[in-house]
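**Q** Pasting in a structure now, in structure tokens, and then I'll have a few things to ask.
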């Protein structure tokens with residue numbers, strides 16, 4: 029586990045990053061409210077991302093949307109980017 033991001037999510041493909049400046053979780057949540065998809069650089073998988081669906085924060089993973097159980101690593105991570 030990376031000590032900076034603290035994410036238990038497995039690594040995969042490198043994300044296609046829209047912004048080059050990693051954000052904290054609060055900034056990333058703000059971007060979901062603007063209709064954007066967010067991911068962690070650490071996840072390295074453009075197929076895994078967070079977004080809003082019907083005003084609910086969802087995690088898209090393995091081709092499906094799931095209820096996002098936000099972890100401490102998600103909250104303290106500073107490697108959030110828009111994809």
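In the numbering used here, the protein residues as written are 29 to 111.
For each residue, glycine too, the CB sits at the ideal point set by N, CA and C.
Fair warning: this is a prediction, and the values are worked out from it, not measured in the lab.
(1) Distance check for residue 63 and residue 80, CA to CA, integer angstroms please.
(2) Just to confirm the assignment, what range does the beta strand (DSSP E) spanning residue 76 have?
(3) Taking all protein chains shown into account, decide if residue 98 is buried (16 or more other Cβ within 10 angstroms of its Cβ) or exposed.
(4) Under the DSSP definition of a beta bridge, which residues are partnered with residue 108?
(5) Could you check if residue 102 is buried or exposed, using at least 16 other CB atoms within 10 Å of its CB as the buried criterion?
(6) I think residue 52 touches residue 108, with their Cβ atoms under 8 Å apart; what is that distance to the nearest whole Å?
(7) Three-state secondary structure (DSSP) at residue 102?
**A** In terms of the structure at hand:
(1) Walking along the chain shown from the start, residue 80 turns up at place 52. Walking along the chain shown from the start, residue 63 turns up at place 35. Cα to Cα, the separation comes out at about 7 Å.
(2) Numbered from 1 along the chain shown, position 48 holds the residue referred to as residue 76. Neither: residue 76 is in no beta strand (DSSP E) and is coded neither H nor E.
(3) Position 70 of the chain shown holds residue 98. With fewer than 16 Cβ atoms within 10 Å of its Cβ, residue 98 is classed as exposed.
(4) The residue you call residue 108 lines up with position 80 of the chain shown. Its beta-bridge partners are 51, 68.
(5) Here the question's residue 102 lines up with position 74 in the chain shown. Buried.
(6) Numbered from its first residue, the chain shown carries residue 52 at position 24. Numbered from its first residue, the chain shown carries residue 108 at position 80. Indeed, because the Cβ distance is near 7 Å, the residues count as touching under 8 Å.
(7) Indexing the chain shown from 1 puts residue 102 at position 74. Look at residue 102 here: in three-state DSSP terms it is helix.
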